[in-house]
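Residue numbers (my numbering): 1 to 41.
Backbone N, C-alpha and C define an ideal beta-carbon position, used for all residues, glycine too.
Owing to the predicted nature of the structure, the values given are computational and were not obtained by experimental measurement.
Worksheet: the structure to be examined is printed underneath.
Structure follows, in structure tokens:
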């Protein structure tokens, strides 16, 4: 019985390094977005 938390055949194993890489890219984008939001206030 599955947990319903994934799509069978589409689940990928990830490493801590994968998570850090994605977080680094997201941080750069979020910094730009937040600066633009703050400057528009």
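When DSSP labels each residue in this structure, what does residue 19 get in the three-state scheme?
helix
What did DSSP end up calling residue 40 once you bin it into helix, strand or coil?
coil
Please classify residue 33: does DSSP put it in a helix, a strand, or coil?
Reduced to three states, the DSSP call for residue 33 is helix.
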